[in-house]
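In UniProt numbering, the protein residues as written are 1 to 289.
Here a beta-carbon is modelled for each residue, glycine too, at the ideal position from N, C-alpha and C.
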């Protein structure tokens with residue numbers, strides 16, 4: 001019996017317009033009404049994750065920045081797992097040597113030291129994966145990511161690493177060069193205390209080895225006395241694997257890479273086809289025989 005649903009956001013709960021569609025809203029609220037706890041597990045910061053949930057009228061706990069932060073449905077912080085500052089500095093140096101653009105997620109906000117480069121990279125990456133999308137729409141999406149106020153521009157990151165009041169949650173690195181990303185991944189995997197994942201083939205997500213969606217989900221379930229065998233975890237990418245491997249019911253989105261699908265017990269429709277709603281109807285609202 002499923003007692004908790006843990007869902008990723010981008011590429012999973014959010015549709016092609018980056019919002020939670022009506023079918024997913026209805027299904028989530030039905031699940032909550034039937035006593036199933038719903039939890040969001042995302043690579044986004046808490047502030048970024050909260051906005052689409054508020055717009056959808058959904059209130060629930062949130063695992064943010066891939067497990068570096070856990071908050072309850074009222075926003076109370078339950079867990080913080082940051083990157084050691086020396087290891088953060090080392091990771092930044094390696095990315096810079098490879099000329100890879102990256103942003104730093106902290107407990108005081110998300111920072112970039114080159115907004116223009118970030119926008120250009122996002123446009124290039126989006127057009128590569130979505131070549132039929134009109135350029136004005138792509139440019140607007142890229143600019144909105146920065147202009148909505150979620151990402152602050154700084155001269156450099158060293159002040160963040162030196163400031164003891166900052167907790168570094170995550171590095172999000174982008175590149176249109178897969179070889180550079182693979183090289184960075186190989187180097188950083190050798191650094192004790194770091195976890196490397198991704199939410200797409202054009203990025204790397206670097207966190208503390210203790211900050212992973214699966215570990216944060218396990219901690220939350222322990223707080224609520226919920227067995228992991230009664231958890232349904234649904235996602236579409238590599239940063240979701242840690243929770244999908246631990247859950248009793250693992251669900252891959254239809255838009256997930258094949259190797260993600262191969263590691264999950266269940267498959268649903270794509271995020272553009274209300275895959276979350278369909279999985280809720282199939283696995284939660286319909287009793288198993």
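Using a Cβ distance threshold of 7 angstroms, residue 161 and residue 89 count as a contacting pair. As DSSP reads the structure, residue 46 sits in no beta bridge. As a beta-bridge residue in DSSP terms, residue 208 pairs with 194. Residue 172 holds the alpha-carbon nearest to the alpha-carbon of residue 96 among 236, 211, 172 and 31.
Residue 111 and residue 80 have their C-alpha atoms roughly 19 angstroms apart. Per the DSSP secondary-structure output, residue 110 pairs in a beta bridge with 105 and 151. Here the alpha carbons of residue 143 and residue 124 stand approximately 13 angstroms from one another. Under DSSP, residue 62 forms a beta bridge with 40 and 71. Distances from the CA of residue 107 to each of 68, 98 and 73 were compared; the closest alpha carbon is that of 68. For residue 234, no alpha helix (DSSP H) run applies; the uninterrupted beta strand (DSSP E) run containing it begins and ends at 231-235, by DSSP.
For residue 11 against residue 271, the beta-carbon gap comes to about 5 angstroms, under 8 angstroms, which counts as contact. Spanning the alpha carbons of residue 92 and residue 206 requires a straight line of approximately 10 angstroms. In this structure the region 182-191 does not touch the region 213-221; the number of beta carbon pairs closer than 8 angstroms is below three.
Here residue 55 carries a helix assignment [DSSP, helix/strand/coil].
Within the DSSP bridge table, the entry for residue 203 names 174 as partners. Around the beta carbon of residue 48, 16 or more other beta carbons lie within 10 angstroms, which makes this residue buried. DSSP places residue 242 within a helical segment (H, G or I) once states are collapsed to three. The C-alpha of residue 268 lies about 13 angstroms from the C-alpha of residue 262. Rounded to the nearest whole angstrom, the CA to CA distance from residue 41 to residue 252 is 14 angstroms.
Nearest Cα to residue 74 within the set 60, 86 and 198: 60.
In the three-state scheme derived from DSSP, where H, G and I count as helix and E and B as strand, residue 249 is classed as strand. Ranking 19, 245, 7 and 159 by CA distance to the CA of residue 113 puts 159 first.
In the structure shown, residue 225 falls within a coil segment according to DSSP collapsed to helix, strand and coil. Listed as beta-bridge partners of residue 20 by DSSP are 14. If you look at residue 263, you'll find it isn't in any alpha helix (DSSP H); DSSP assigns it neither H nor E.
Per DSSP, the beta bridge partners of residue 6 are 39 and 233. The C-beta separation of residue 281 from residue 27 comes to about 6 angstroms, placing the pair in contact by the 8 angstroms criterion. In this structure, the alpha-carbon of residue 22 lies about 9 angstroms from that of residue 277.
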